[in-house]
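In our numbering, the protein residues as written are 5 to 299.
As structure tokens, then:
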């Protein structure tokens, strides 16, 4: 039986923490501590667009799913999607996913998992309503003090003042990739994002955008004109971002950078990023479910 939850209790928190500790049973984003799990539950009572459901059978907790949605975009993303060890993964996942699809019939669903969670991977790859299965490498940079600013020649911050000029360059890549953060959506969230671009002779040749007002900032994307030297420009933009967030968010714990593709595909980039202080954390996949396709 699916039960909507509007307040936390120790049973649900313990269940979520137990399954979040192992990549084989966790969902994404990973929760690194018991306290982090408590925060997820606390936020449920503070937001009108976030909920949690659990699946119980004969008094036993079989599954738990926390999620939020953006009505204007018909967008729903899970923050927890956990199935008890020993339970029939397909049956439990079907119950929770189908509940979401019935309740949010016109929404596209986004569900993330560590790639090591092979039960989740095997389940979603077989769903008929699967729109895409995207693989990413998660790189982590741990904060240990102010990072020095590198060469800033040609690099400038994108703000409300010059965003309209930047937008076409951003969408040239974002629309092709099909990512959520198009320039239209990014413009509405500039208070949370920082964007740096590289300009030469008046032309924008590259950019980096990410969230920095967080204990764990994230780099969402780096876009570079195909005619340019990717490695050198990426290094400069990364160093600029690391310096910026280390000064602006001194209390941050670590920073994440998501690379398209898995660890093997990104071996060369991982080696280069390690020279900047990044470390490989894990691979994860994102299942996107299309509301127009049958289950």
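Glycine residues also receive a C-beta, built at the ideal position from the N, C-alpha and C atoms.
Review point. Are the region 270-284 and the region 109-117 touching, with three or more C-beta to C-beta distances below 8 angstroms?
Key: Touching, no, given that fewer than three Cβ pairs across the two stretches are closer than 8 angstroms.
Check your understanding: Can you list, in chain order, the residues of its chain whose CB lies under 8 angstroms from that of residue 46, leaving out five sequence neighbours each side?
Key -> Result list for residue 46: 12, in chain order.
Check your understanding: Ordered along the chain, which non-local residues of its own chain (more than five positions away) have a Cβ less than 8 angstroms from that of residue 96?
Key -> Excluding residues within five positions, the ones whose Cβ falls inside 8 angstroms are 59, 66, 67, 87, 88.
Point to revise | Nearest residue (CA-CA) to residue 262, options 215, 125, 248 | key: Closest by alpha carbon: 215.
Review point. Where residue 294 and residue 128 are concerned, what is the direct C-alpha to C-alpha distance, given to the nearest angstrom?
Key: Straight-line Cα distance between these residues: approximately 12 angstroms.
Review point. Using the rule of at least 16 other Cβ atoms within 10 Å of the residue's Cβ for burial, across every protein chain shown, is residue 131 buried or exposed?
Key: Residue 131 should be labelled buried.
**Study point:** Distance, residue 286 Cα to residue 126 Cα
**Key:** Their backbone Cα atoms lie some 18 angstroms apart in a straight line.
Practice item. In angstroms with no decimal places, state the Cα-to-Cα distance between residue 228 and residue 202. Key: If I take the Cα positions, the gap works out to 9 angstroms.
**Study point:** Rounded separation between residue 237 and residue 267 - CA only
**Key:** Roughly 22 angstroms separates the two Cα atoms.
**Study point:** Bridge-paired residues (DSSP) for residue 203
**Key:** Answer is 208.
Review point. Just to confirm, are residue 235 and residue 280 a CB contact at a threshold of 8 angstroms?
Key: Going by beta carbons, residue 235 and residue 280 fall outside the 8 angstroms limit.
**Study point:** Residue ranges of each alpha helix (DSSP H) within the region 106-134, 4 or longer
**Key:** As far as the region 106-134 is concerned, its whole alpha helix (DSSP H) runs of at least 4 residues are 122-129.
Point to revise | Sub-8 angstroms separation of residue 51 and residue 72 beta-carbons | key: With respect to residue 72, residue 51 sits close: the two C-beta atoms are nearer than 8 angstroms.
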